[in-house]
């Protein structure tokens with residue numbers, strides 16, 4: 006069983022730990038690195054975690070077989086880089102970094118150390134995403150022409166000024182759109198150009214609560230992303246092809262409409278996507294299976310996200326580095 010350490014024990018870190026602790030035969034969390042150990046004491050006791058502020062000491066521990074970087078977004082790159090330079094595989098919660106320079110440094114460090122660098126993103130493991138990939142691989146959609154993604158949450162209204170999440174440098178315009186960006190890259194390949202429009206209407210901070218992004222792939226196909234941080238939750242990704250279209254909604258709904266033939270509406274059984282993510286990381290570390298998100302796609306996602314933020318500020322279409 007792979008023994009993991011996590012850095013950052015906020016809501017998402019706790020969710021990842023609870024997904025596998027005492028449930029998985031492949032992975033468990035042994036240690037957590039936090040700023041204030043006393044605040045994590047009860048949670049750590051419940052889940053059998055050693056709590057420390059000494060990240061360097063955790064990285065020196067030979068019993069730790071991998072690290073999950075789950076701190077604030079602006080620290081993902083530094084935390085992941087330290088793990089890779091120590092030879093530890095790392096699951097870096099999205100995004101890998103906030104700029105392409107740091108993402109490329111992580112990629113080089115992973116190549117140099119031979120340690121796995123994996124993108125931590127639970128939606129890659131939803132059962133309807135697996136069904137979409139299966140249909141795409143089979144050619145059932147024909148040539149893909151266009152994709153659309155919506156990611157909407159009622160989250161930004163509760164982010165108060167002064168919180169790290171309220172800083173546009175850490176949550177750039179269009180930042181929420183990256184939830185749908187990875188599926189877009191997975192489907193269309195490299196993104197060559199973005200044009201982002203963003204505005205702030207109701208949030209009590211400096212964040213853009215509405216963003217709309219037009220993208221063009223390297224081979225000329227189009228995509229739309231929309232992200233709203235101040236409306237009820239809504240998650241959708243749709244692919245339009247010459248033979249059919251397919252749509253994902255939420256984590257379980259899948260619809261397939263061929264040009265000829267009957268529409269299919271499917272609802273998949275509930276799946277713990279966080280557990281699937283952590284166990285996929287363990288499988289990749291142990292050589293049992295490849296991690297489903299290539300490092301190159303994760304790094305490219307950072308490049309596109311960075312271009313989105315700049316495009317929204319500059320008010321024009323930009324090429325992606």
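Residue numbers (the numbering used here): 6 to 326.
From the three backbone atoms N, C-alpha and C, an ideal C-beta is built for every residue, glycine too.
Since the model is a prediction, treat every value here as computed from it, not as a measurement.
- DSSP on residue 306, reduced to helix/strand/coil? Residue numbering aside, residue 306 sits at position 301 when the chain shown is read from its first letter. Here residue 306 sits in helix by DSSP.
Can you check whether the CB of residue 11 is closer than 7 Å to the CB of residue 63?
One-based indexing of the chain shown puts residue 63 at position 58. One-based indexing of the chain shown puts residue 11 at position 6. Going by C-beta atoms, residue 63 is not nearer than 7 Å to residue 11.
**Report entry** Burial state of residue 332 (16 or more Cβ within 10 Å)
**Finding:** Here the chain has residues from 6 to 326 only, and residue 332 is not among them.
Pairwise C-alpha distance: residue 301 and residue 316: Taking the chain shown and counting its residues from 1, the one referred to as residue 316 is at position 311. Taking the chain shown and counting its residues from 1, the one referred to as residue 301 is at position 296. About 22 Å.
Quick check on residue 270: does DSSP put it in helix, strand or coil? Indexing the chain shown from 1 puts residue 270 at position 265. In the structure shown, residue 270 sits in a strand (DSSP, three-state: E or B).
What is the rounded straight-line gap between the Cα of residue 136 and the Cα of residue 41? Mapped onto the chain shown, residue 136 falls at position 131. Mapped onto the chain shown, residue 41 falls at position 36. Those two C-alpha atoms are separated by around 42 Å.
Quick one: Cα of residue 154 to Cα of residue 24, how far? As a working mapping, residue 154 is identified with position 149 in the chain shown. As a working mapping, residue 24 is identified with position 19 in the chain shown. The straight-line gap from Cα to Cα measures roughly 27 Å.
Practice item. Please determine, among 71, 26, 67, 9, the residue with the shortest C-alpha to C-alpha distance to residue 51. Key: The count along the chain shown starts at 1 and reaches residue 51 at position 46. When only C-alpha atoms are compared, the closest one is 26.
Quiz item: What is the residue span of the beta strand (DSSP E) that residue 118 lies within?
Solution: Along the chain shown, read from residue 1 onward, the residue named residue 118 stands at position 113. First-last for residue 118: 105 to 118, but that is the alpha helix (DSSP H), not the beta strand (DSSP E).
Just mark residue 294 as buried or exposed, buried being the case when its beta carbon has 16 or more other beta carbons within 10 Å.
The count along the chain shown starts at 1 and reaches residue 294 at position 289. By the 10 Å Cβ count, residue 294 comes out exposed.
Fill in: Coarse secondary structure for residue 175, derived from DSSP in three states
Here residue 175 refers to the residue found at position 170 when the chain shown is read from its first residue. Three-state result, residue 175: coil.
How about residue 208 and residue 240: are their beta carbons less than 7 Å apart?
Within the chain shown, residue 208 is the residue found at index 203, counting from 1. Within the chain shown, residue 240 is the residue found at index 235, counting from 1. Not closer than 7 Å, so no.
query = Where residue 273 and residue 193 are concerned, what is the direct C-alpha to C-alpha distance, given to the nearest angstrom?
reply = As a position in the chain shown, residue 273 is number 268, starting the count at 1. As a position in the chain shown, residue 193 is number 188, starting the count at 1. Distance between the alpha carbons of residue 273 and residue 193: 25 Å.
Under 7 Å, do residue 308 and residue 200 count as touching if we go by C-beta distance? Residue numbering aside, residue 308 sits at position 303 when the chain shown is read from its first letter. Residue numbering aside, residue 200 sits at position 195 when the chain shown is read from its first letter. Against a cut-off of 7 Å, the Cβ pair of residue 200 and residue 308 comes out as no contact.
Requested in this report: Return helix, strand or coil for residue 259, following the three-state DSSP convention.
Outcome: Translated into the one-based positions of the chain shown, residue 259 becomes position 254. If DSSP states are grouped into helix, strand and coil, residue 259 belongs with the strands.
Nearest-angstrom Cα separation, counted from residue 176 out to residue 85
Position 80 of the chain shown, counted from the first residue, corresponds to residue 85. Position 171 of the chain shown, counted from the first residue, corresponds to residue 176. So the two alpha carbons sit approximately 19 Å from each other.
Using only the alpha-carbon positions, how far apart do residue 218 and residue 229 sit?
Counted from its first residue, the chain shown places residue 218 at position 213. Counted from its first residue, the chain shown places residue 229 at position 224. If I take the Cα positions, the gap works out to 6 Å.
In whole angstroms, give me the CA-to-CA distance for residue 167 and residue 262. As a working note, residue 167 is residue 162 in the chain shown. As a working note, residue 262 is residue 257 in the chain shown. Residue 167 and residue 262: Cα-Cα distance of roughly 47 Å.
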